[in-house]
Amino acid sequence: MTTLAGVETRELRYFVAVAEELHFGRAAARLGIAQPPLSRAVQQLERRLGAQLLERTPRGVLLTGAGAVLLAEGRAALDAVAAAERRTRRAGVEDPKVVLVSKAGASNDVLPDLLAAYGRVPGSVAVDVVLSGIGEQEWYLRDGRADVALLHLPFDSTVGLDTEELVTHDQVVVLPGHHPLAARAELTTAEVESLPDLPLPRWPNRDGSYPDGPGPAVRDHLQLLQLIALGRAAAILPETCRSSLGSDLVAVPVPDAPKVTTVIAWPPHSRSRAVADLVRVATELDYGAGPRLESLDRRAS
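Residue 1 is where the sequence shown starts when you use full-length UniProt numbering, and the numbers rise one by one after that.
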């Protein structure tokens, strides 16, 4: 199998490992191969492309400008290959299904109505729901582990995906119930960001690392709420989080925070009838008032 105008998938995988590890020995161990064939494969890739990708140093390697470009493009190409393989396998099974991914603790205003309404559509298939960690749902969709995703703008990237907007919400700051500001009618973003005793959490990058900062590193919604209840953090979240807050937490409106829009997203090349039906149903729901079942029944009949 080839990608990127004749570059082999194996070569790309080898290069990405070296570019991410910045060390041939560690990359070889990660790939489970010896170092000499790894070095030869990368050199062959450089000759094939006519560009130096890595600068060798006594302590490891550094990416050149061309190498940085290939790392980004190579990751995308490998993701596309993996996605195609996963979706093809799912399409080939006897009982087809759709995999829908949503962030755990989010989209509580969308997901129950969507699943109930889609289940009423003639010919609907089983929907496997994956509740991902923070920021992971986009990558489940891009690498083929999911067929459709519920994403949240402006936080998740929808570049290269087809989307439909579903519902938009204001944001609130979640505070410990005993905090002095918990009784305020509203707060500004600046006030929240400057709280000396309640730093904002740090969300994970795609590679699992965390940006620098004073706030706690969080993995999921439940962990975040526990940290807030303990007085270790505050967080600005969509107002729909109110339904999951215990009596020890308070949500205070933050009017100047950007609104959050839930979108349903899917790969633009999808030819799945089940995905198309699921998206159609999602756009016909009146969130907060329940599904427009009469309308859906008329369209399905």
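Glycine included, each C-beta is placed from N, C-alpha and C at the ideal position.
Review point. What's the gap between the Cα of Arg-219 and the Cα of Gly-177?
Key: Numbered from its first residue, the sequence shown carries residue 219 at position 219. Numbered from its first residue, the sequence shown carries residue 177 at position 177. C-alpha separation (whole angstroms): 23 angstroms.
Review point. Are the beta-carbon atoms of Val-275 and Trp-266 separated by less than 9 angstroms?
Key: What you label residue 275 is simply residue 275 of the sequence shown in a count that begins at 1. What you label residue 266 is simply residue 266 of the sequence shown in a count that begins at 1. In this structure, Trp-266 lies closer than 9 angstroms to Val-275 by Cβ.
Practice item. Provide the residue span of the alpha helix (DSSP H) that contains Val-110, from first to last. Key: The count along the sequence shown starts at 1 and reaches residue 110 at position 110. Unbroken run through Val-110: none, as it is neither H nor E.
Check your understanding: Do you know offhand how far Pro-253's Cα is from Thr-189's?
Key -> The residue you call residue 253 lines up with position 253 of the sequence shown. The residue you call residue 189 lines up with position 189 of the sequence shown. Their Cα atoms are separated by approximately 10 angstroms.
Practice item. Compute the beta-carbon to beta-carbon distance between Leu-53 and Thr-64, rounded to the nearest angstrom, for a pair I have assumed lies under 8 angstroms. Key: What you label residue 53 is simply residue 53 of the sequence shown in a count that begins at 1. What you label residue 64 is simply residue 64 of the sequence shown in a count that begins at 1. Between Leu-53 and Thr-64 the beta-carbon gap is near 6 angstroms, inside 8 angstroms, which marks them as a contact.
Review point. Which one of Val-148, Ala-251, Ala-217, Ser-124 has the shortest CA to CA distance from Val-174?
Key: In the sequence shown, the residue the question calls residue 174 occupies position 174. Ranking Val-148, Ala-251, Ala-217, Ser-124 by Cα distance to Val-174 puts Ala-251 first.
Review point. Counting only runs that start and end within the UniProt domain "HTH lysR-type" (7-64), where is the alpha helix (DSSP H) found for 4 or more residues in a row?
Key: Scanning the UniProt domain "HTH lysR-type" (7-64) for uninterrupted alpha helix (DSSP H) segments of 4 residues or longer gives 9-21, 24-31, 35-49, listed from N- to C-terminal end.
Exercise for review: Report the three-state DSSP secondary structure of Val-99 (helix, strand or coil).
Suggested key: Counting from 1 along the sequence shown, the entry for residue 99 is found at position 99. The answer is strand: DSSP assigns Val-99 an E or B state.
Point to revise | Beta-bridge partners of Val-174, as assigned by DSSP | key: Position 174 of the sequence shown, counted from the first residue, corresponds to residue 174. In the DSSP assignment, the residues bridged to Val-174 are Ala-235, Ala-251.
Practice item. Mind checking who Ala-149 pairs with in its DSSP beta bridge? Key: Looking up residue 149 in the sequence shown gives position 149. In DSSP, Ala-149 forms a bridge with Val-101, Ala-265.
Point to revise | For residue 302: DSSP bridge partner residues | key: The structure shown has nothing for residue 302, since the chain only spans 1 to 301.
**Study point:** Cβ-Cβ distance between Arg-273 and Gly-123 below 9 angstroms
**Key:** By 1-based counting over the sequence shown, the position of residue 273 is 273. By 1-based counting over the sequence shown, the position of residue 123 is 123. In contact: Arg-273 and Gly-123 (Cβ atoms closer than 9 angstroms).
Practice item. Determine the contact status of Leu-153 and Lys-103, defining contact as a CB-CB distance below 9 angstroms. Key: Within the sequence shown, numbered from 1, the residue matching residue 153 stands at position 153. Within the sequence shown, numbered from 1, the residue matching residue 103 stands at position 103. Taking a C-beta distance under 9 angstroms as the contact criterion, Leu-153 and Lys-103 do not qualify as a contact pair.
Check your understanding: Tell me, which residues are paired with Val-69 by DSSP?
Key -> Position 69 of the sequence shown, counted from the start, is the residue given in the question as residue 69. Note: Val-69 sits in no beta bridge, so no partner.
Practice item. Pull up the DSSP beta-bridge partners for Ala-126, would you. Key: Indexing the sequence shown from 1 puts residue 126 at position 126. For Ala-126, which the question treats as bridged, DSSP gives the partners Lys-97.
Review point. Going by other Cβ atoms of all chains shown within 10 Å of its Cβ, with 16 needed for buried, is Ala-240 buried or exposed?
Key: Within the sequence shown, residue 240 is the residue found at index 240, counting from 1. Note that residue 240 is Thr in the sequence shown here, rather than Ala. Looking at its Cβ environment, which holds 16 or more other Cβ atoms inside 10 Å, Thr-240 is buried.
Point to revise | Helix, strand or coil at Leu-114 [DSSP, three-state] | key: Position 114 of the sequence shown holds residue 114. Leu-114 falls in the helix class under three-state DSSP.
Review point. Quick one: what does DSSP say Ala-106 is sitting in, helix, strand or coil?
Key: What you label residue 106 is simply residue 106 of the sequence shown in a count that begins at 1. The answer is coil: DSSP assigns Ala-106 none of H, G, I, E or B.
Practice item. Helix, strand or coil for Ser-243, going by three-state DSSP, please let me know. Key: Locating residue 243 in the sequence shown gives position 243, where the first residue counts as 1. The three-state reading of DSSP puts Ser-243 in helix, counting H, G and I together.
Review point. Would the segment 156-171 and the segment 226-242 be scored as touching if the rule is three or more Cβ pairs under 8 angstroms?
Key: Verdict: yes, contact present.
Practice item. Would you check if the distance between the CB atom of Leu-166 and the CB atom of Thr-57 is smaller than 9 angstroms? Key: Working through the sequence shown from its first residue, we reach residue 166 at position 166. Working through the sequence shown from its first residue, we reach residue 57 at position 57. Taking 9 angstroms as the cut-off, the beta carbon of Leu-166 is found no closer than this to the beta carbon of Thr-57.
Practice item. Could you tell me which of Leu-38, Val-159, Arg-47, Pro-255 sits nearest to Phe-24, measuring between CA atoms? Key: Numbered from its first residue, the sequence shown carries residue 24 at position 24. The shortest Cα separation from Phe-24 among Leu-38, Val-159, Arg-47, Pro-255 belongs to Leu-38.
**Study point:** Beta-bridge pairing of Glu-164 - partner residues as DSSP gives them
**Key:** Start at 1 with the first residue of the sequence shown, and residue 164 comes out as number 164. Answer is Ile-264.
Review point. Pairing CB atoms from the segment 140-149 with CB atoms from the segment 198-216, are three or more of them under 8 angstroms?
Key: Judged by Cβ distances under 8 angstroms, the segment 140-149 makes no contact with the segment 198-216, as fewer than three pairs qualify.
Point to revise | C-alpha gap between Gln-43 and Glu-73, whole angstroms | key: For the purposes of this step, residue 43 is identified with residue 43 of the sequence shown, where counting begins at 1. For the purposes of this step, residue 73 is identified with residue 73 of the sequence shown, where counting begins at 1. Going from the Cα of Gln-43 to the Cα of Glu-73 covers about 18 angstroms.
Exercise for review: Spatial neighbours of Leu-245 within its chain, please: CB distance less than 8 angstroms, with the 5 preceding and 5 following residues excluded, ordered by chain position.
Suggested key: Counting from one through the sequence shown, the residue named residue 245 turns up at place 245. Counting only Cβ-Cβ distances below 8 angstroms, and skipping sequence neighbours, we find Val-174, Leu-225, Ala-251.
Check your understanding: Just checking my contact of Val-18 with Val-61 at CB under 8 angstroms: how many whole Å lie between their CB atoms?
Key -> In the sequence shown, residue 18 corresponds to position 18, counting from 1. In the sequence shown, residue 61 corresponds to position 61, counting from 1. The C-beta distance from Val-18 to Val-61 rounds to 7 angstroms, short enough to meet the 8 angstroms contact threshold.
Practice item. Label Leu-230 either buried or exposed according to how many other C-beta atoms from any shown protein chain fall within 10 Å of its C-beta, with 16 as the threshold for buried. Key: By 1-based counting over the sequence shown, the position of residue 230 is 230. In this structure Leu-230 is exposed. Its beta-carbon is surrounded by fewer than 16 other beta-carbon atoms within 10 angstroms.
Exercise for review: Classify His-269 as buried or exposed, calling it buried when 16 or more other Cβ atoms lie within 10 Å of its own Cβ.
Suggested key: In the sequence shown, the residue the question calls residue 269 occupies position 269. By the neighbour-count rule (16 or more Cβ atoms within 10 Å), His-269 is not buried but exposed.
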